[in-house]
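This report concerns only the one structure given below.
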Amino acid sequence: MALSDILPDILFYLFAALTLLCGVLVVANPFSRNPVTSAMFLVLTIISMAGLFVLLHAFFLAAVQIIVYAGAVIVLFLFVIMLLDLKEEQRRKIKLFGAVAGLVSVGVIMIISLKALRAARPGANLPAPQLEGGTNALGQLLFTQYVLPFEVVSILLLVAMVGVILLSKKDLK
Amino acid sequence: MKLELLPWLILFLPLLAAGGITLFTLRYRTVSALLSIGAIVTGFVLSLVFINANGWQPSSAESIANWLTIGGLHVDFGLKLDALSLMMLLIVTGVGGAIHIYSFGYMHADRSFSRFFAFMSLFTFSMLGIVLANNFIELFIFWELVGVSSYLLIGFWFEKPSAGDAAKKAFIVNRLGDFGFLLGILMVWGLLGSLNFTVLQNKLTADPAVLGGMATVAALLLFCGAVGKSAQFPLHVWLPDAMEGPTPVSALIHAATMVAAGVYMLCRILFLLNADALHVIAWIGGFTALLAALIAVQQNDIKRILAYSTLSQLGYMVMSVGLAGPTPAMFHLTTHAFFKALLFLGAGSVIHAMHDEQDIWKMGRLQKKMPVTFWTFLIGTLALSGVPPFSGFYSKDSILGQALSQGNYALFILGAAVAGLTAFYMFRLFYVAFLGKPKTQAAEHVHESPAVMAWPLRVLAVFAVIGGVIGVSQTYASQFSPGEARESFGQSLVEPLTHSPAGVLVGLAFIAAGFFAARALYRDAASDPLPEKLGGLATAMKHKFYFDELYEATFIRAHDFIAAVMDWIDRWLVEGLCIGLVRGGTDLSGRALRLVQTGNLQTYAFLFVLGVAVVMYFVLGK
Amino acid sequence: MHVGLEHYLTVSFLLFGLGLLGVIMRRNLLVIYMSLELMLNAANLALVSFSRFNNNLNGQILVFFIITVAAAEVAVGLALIVALYRKRQSAHVEDLTSMKL
Chain X
19 MALSDILPDI LFYLFAALTL LCGVLVVANP FSRNPVTSAM FLVLTIISMA GLFVLLHAFF
79 LAAVQIIVYA GAVIVLFLFV IMLLDLKEEQ RRKIKLFGAV AGLVSVGVIM IISLKALRAA
139 RPGANLPAPQ LEGGTNALGQ LLFTQYVLPF EVVSILLLVA MVGVILLSKK DLK
Chain V
165 MKLELLPWLI LFLPLLAAGG ITLFTLRYRT VSALLSIGAI VTGFVLSLVF INANGWQPSS
225 AESIANWLTI GGLHVDFGLK LDALSLMMLL IVTGVGGAIH IYSFGYMHAD RSFSRFFAFM
285 SLFTFSMLGI VLANNFIELF IFWELVGVSS YLLIGFWFEK PSAGDAAKKA FIVNRLGDFG
345 FLLGILMVWG LLGSLNFTVL QNKLTADPAV LGGMATVAAL LLFCGAVGKS AQFPLHVWLP
405 DAMEGPTPVS ALIHAATMVA AGVYMLCRIL FLLNADALHV IAWIGGFTAL LAALIAVQQN
465 DIKRILAYST LSQLGYMVMS VGLAGPTPAM FHLTTHAFFK ALLFLGAGSV IHAMHDEQDI
525 WKMGRLQKKM PVTFWTFLIG TLALSGVPPF SGFYSKDSIL GQALSQGNYA LFILGAAVAG
585 LTAFYMFRLF YVAFLGKPKT QAAEHVHESP AVMAWPLRVL AVFAVIGGVI GVSQTYASQF
645 SPGEARESFG QSLVEPLTHS PAGVLVGLAF IAAGFFAARA LYRDAASDPL PEKLGGLATA
705 MKHKFYFDEL YEATFIRAHD FIAAVMDWID RWLVEGLCIG LVRGGTDLSG RALRLVQTGN
765 LQTYAFLFVL GVAVVMYFVL GK
Chain L
72 MHVGLEHYLT VSFLLFGLGL LGVIMRRNLL VIYMSLELML NAANLALVSF SRFNNNLNGQ
132 ILVFFIITVA AAEVAVGLAL IVALYRKRQS AHVEDLTSMK L
């Protein structure tokens, strides 16, 4: 078995493990409950997700993921955390009831859906993947078939911008 | 038929005036009054034009627009045009017009001048509708409209509690009669399948027994309506209280409209009334006439005396209808409209001059200071008492003659006695209020009313004098007994003597007795000498034979009891048990569910996820 | 076993579950928000893997739109949090119970 054959699988397990580990640390970091730590682990989650995207040959989306999420969104989060000064928040304890309730309900959902996934085996009869998610292919589709949603989304961004400016005014009415 | 649009115009002009005043000119007093007066006077002129063009019996007697059809029920909106309705048209617009003009002077100081004229126009419209209606449904609608507008007018000074009570009383008592009336209408429709007067009359002429055993019941139920509207015993109690309205309203209600509607309706549906029903009607009429005349003898309020005299005269008319004499009934209605309007307007003039004093024992010696009112009131008194050759003499005599010709001597004597009583209480009023010494300061300082009030008095006085000999009776006779030769003026002047000399002489004897009794008792009297002589009877008369108290003790008490029971049921069973259970249950479950609303975002999120888990279990998990 | 669709989907599910857990357990609004982002990313991962193994680019287009909308959402959401903090001096969900009567 050549290295080039198993390398994607090794990389998948690596990135998947990294994603899930960092995800856990975002949600429940046993060492720190500082939001800044959460935000930093979110960056790591997103970067390893980008790695998974690359393994799925979605190169353009991987780039977008890093630029938009890791670049813009996380920076926004950090800005807000600095702005709010949340030191007092950290001292509050996680409530036992909340933790148990969350674990139970999420656990049930996970068990059900993973069992369903195991039973369904959706990837069993698929042909070998050939798709290449490059900039070229996506661009072609975006500016032909999806040109209207594309423009609508741009308007949505504008609306969001106006909304945010309004919300950030000092004397909010 | 020429000018067939005119009757429609006459009918709807007052409605237009009422609507226009209400919507646009409430702020402009004079404009409102002129609109209202203009509408009714135009109606009068147009009526004259129409009668001049078409005669008393237009070639096509009905003008019909289909209104609605529900299953087998066809309701037209039609106008019936014959001598009866055309004559009434003239009376309503003519006498009503005089009252409208008089109101312009009488009501001038009132705050709600425009509102008054709007109501007056609505009233006129409703009455014209009754007069012109060609079927029962239309008649009933306008009948109720008269009820509503009389409610509005009697309660015109609604700030006064007594006026509000009187308006309510008039409305509710009328409703009692109308209930029977409506049942009668339904019965006629059920038995004969039509409501159109002409169709009904043809059916009954073709087969008089078509109503079968229900004929008397149907006739008496229809008569109930007239009992309410024309204030016959036992529903007479509302009319005297209706005095609480402004005096022109009383004149309108008593003379040209409202109370005339009942008698008019009886004459209109005379073909439906069989002999048994007529007998009942005649006796109720006669009894009302006597009862009201007796009560009138001991009243001291000038308007109340006139009110009871109206009751008494209406009894006469109903009695005449009951004696199968619609012509005398309508004749008396017409002349009565003239002199009763005159008397009420004269009384209004006195009350106006006395600054709203209505007690006759506080007046006296008015002839010098109020000559027009004095002389016209005297004419009205003579006419009402039935002194020849005034109009009342002819019409009253024709009723007495009708009783004689029917061979009903009991009712004849009763009628003649009531005529004597009429003369007695009218001259009592006249001697006390207009002659003798001034009894108060106010009576010494009265002034004649303005010209706008005096001229209607003069015009009505002329008609009160000549009303009996200008062919009114013959016009009605042309409808009810066609084929009789028309009499010349000279013949009609002496008609009573040629027709039934015995009746005339007995009637005149009673009238003279009444007059001299009044003269002997009340000339120069400072207080009423009658209570001492009559004792308990006078007290009973003064208290209207305790009818109000009787009704209070029986019907109203029973009604209150039922209302109390219903109140208890509503309060404890419906409200307490049924509604209380529902309310309590809702309240309790609301309180319980409220605990779920913690307001904590994450609790909601948790419940939400739980729900998702359940859904997923059912979709995927099995 | 070769890595296939099921593996990617498993990762996606687990990531989604982590996000859900964060939303329910954490009390800090900002961290809840980050957990929401995790859930969105899990959905993205599922979509991209479906797209890849079904040879259909539409899934990736959808992810592209989701990322755009998520960016807008984060901007508005964070602005709301800031506004809320100014009013209440707290970014803690337990202090925000004005929905209760």
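Chains as they are written, first to last, in the working numbering: chain X, 19 to 191; chain V, 165 to 786; chain L, 72 to 172.
Backbone N, C-alpha and C fix where the C-beta goes; we use that ideal spot for every residue, glycine too.
Segments of 4+ residues assigned as alpha helix (DSSP H) that fall wholly inside the region 241-266 of chain V: None, since the region 241-266 of chain V contains no complete alpha helix (DSSP H) of that length.
Output the distance between the C-alpha atoms of F49(X) and L759(V), rounded to the nearest integer angstrom. Whole-angstrom Cα-Cα distance: 36 Å.
Contact the region 551-558 of chain V vs the region 467-475 of chain V: 3+ CB pairs below 8 Å: The region 551-558 of chain V makes no contact with the region 467-475 of chain V: fewer than 3 CB pairs, one atom from each, lie closer than 8 Å.
Are F591(V) and A682(V) close, meaning C-beta to C-beta below 8 Å? In this structure, A682(V) lies closer than 8 Å to F591(V) by Cβ.
In whole angstroms, give me the CA-to-CA distance for I127(X) and I137(L). Rounded to whole angstroms, I127(X) to I137(L) spans 23 Å at the Cα level.
What does G141(X) touch in chain V if you count any residue whose Cβ is under 7 Å from its own? Those do not exist, as G141(X) stays about 17 Å from chain V at its closest Cβ, beyond 7 Å.
Taking the alpha carbon of K244(V) as the point to measure from, which residue in A756(V), A395(V) and Q221(V) has its own alpha carbon closest? Cα-wise, what sits closest to K244(V) is Q221(V).
Residues in the region 126-159 of chain L with C-beta within 7 Å of chain V's C-beta atoms, listed in sequence order? So the list is empty, because no residue satisfies the distance condition.
Residue-chain proximity (Q766(V), chain X), Cβ-Cβ < 8 Å: Nearest CB-CB separation between Q766(V) and chain X: below the 8 Å threshold.
Enclosing alpha helix (DSSP H) for W525(V) [first to last residue]: Looking at the DSSP string, W525(V) is not in any alpha helix (DSSP H), and its letter there is neither H nor E.
Closest Cα partner of V536(V) within the set A373(V), L454(V), G328(V) and V626(V): For the set A373(V), L454(V), G328(V) and V626(V), the Cα lying nearest the Cα of V536(V) is the one of V626(V).
If we ignore side chains and look at the alpha-carbon of each, how far apart do A57(X) and T81(L) end up? Their Cα atoms are separated by approximately 24 Å.
Check whether the Cβ atoms of F289(V) and L190(V) sit closer than 8 Å, and answer yes or no. Cβ distance not < 8 Å, so F289(V) and L190(V) don't count as in contact.
Flag this pair as touching only if the region 446-453 of chain V and the region 520-533 of chain V have three or more C-beta atom pairs under 8 Å; answer yes or no. Using a Cβ-Cβ distance cut-off of 8 Å, the region 446-453 of chain V and the region 520-533 of chain V are not in contact, since fewer than three pairs of beta carbons, one from each stretch, lie closer than that value.
Integer Cβ distance of A517(V) from M534(V), believed to fall under 8 Å: Indeed, because the Cβ distance is near 6 Å, the residues count as touching under 8 Å.
Beta carbons nearer than 8 Å to chain V: which residues of the region 149-177 of chain X have them? Of all residues in the region 149-177 of chain X, none has a Cβ within less than 8 Å of some Cβ in chain V.
So the alpha helix (DSSP H) S326(V) belongs to, where does it begin and stop? First-last of the alpha helix (DSSP H) with S326(V): P325 to L356.
Take F87(L) and list the residues in its own chain whose beta-carbon comes closer than 6 Å to its own, dropping the five residues that flank it on each side. Taken in chain order, the residues that qualify are M110 and A113.
Under 9 Å Cβ-Cβ, which residues of chain X neighbour F770(V)? Correct list: G116, A119, G120 and S123.
List, from N- to C-terminal side, the alpha helix (DSSP H) runs of 4 residues or more that fit wholly inside the region 399-441 of chain V. Fully enclosed alpha helix (DSSP H) runs of 4 or longer: 402-405, 411-415 and 423-432.
On the three-state DSSP scale, how would you describe L542(V)? In the structure shown, L542(V) sits in a helix (DSSP, three-state: H, G or I).
Please return the same chain residues whose Cβ sits closer than 6 Å to the Cβ of Q365(V), not counting the five positions on each side in sequence. Only F435 meet the Cβ criterion.
Using the three-state DSSP reduction, which class does T81(L) fall into: helix, strand or coil? Looking at T81(L) - three-state DSSP - the assignment turns out to be helix.
Q158(X) classed as buried or exposed, judged by whether at least 16 other C-beta atoms fall within 10 angstroms: Label assigned to Q158(X): exposed.
Give me the residue from E521(V), G389(V), D440(V) and A424(V) with the minimum Cα distance to D465(V). Among E521(V), G389(V), D440(V) and A424(V), the Cα nearest to that of D465(V) is on E521(V).
Between L759(V) and chain X, is there a C-beta pair that is closer than 8 Å? No, its Cβ sits nowhere closer than 8 Å to a Cβ of chain X.
In the DSSP assignment, what are the bridge partners of H163(L)? N99(L).
Would you say I65(X) faces chain L, with C-beta separation under 8 Å as the test? I65(X) does not count as touching chain L.
If you compare alpha carbons, which of I255(V), I263(V), L170(V) and G486(V) is closest to M617(V)? Here the closest residue by C-alpha is I263(V).
Determine the closest residue to L175(X) out of L85(L), N129(L), A142(L) and E77(L), with distance taken between C-alpha atoms. Looking at L85(L), N129(L), A142(L) and E77(L), the one whose alpha-carbon comes closest to that of L175(X) is A142(L).
Check whether the Cβ of A756(V) lies closer than 8 Å to any Cβ atom in chain X. With 8 Å as the cut-off, A756(V) does not count as an interface residue toward chain X.
8 Å Cβ cutoff met for F97(X) and G152(X): Their beta carbons are not under 8 Å apart, which means F97(X) does not touch G152(X) by this criterion.
Just grab the DSSP bridge partners of H238(V) for me. Answer is T233(V).
What number of angstroms, rounded off, separates the C-alpha of P693(V) from the C-alpha of Y686(V)? If I take the Cα positions, the gap works out to 8 Å.
What residues are listed by DSSP as bridge partners for A297(V)? Looking at the DSSP assignment, A297(V) forms a beta bridge with L243(V).
Tell me whether E168(V) sits in a helix, a strand or coil according to DSSP, three-state version. Residue state, collapsed to three classes: coil.
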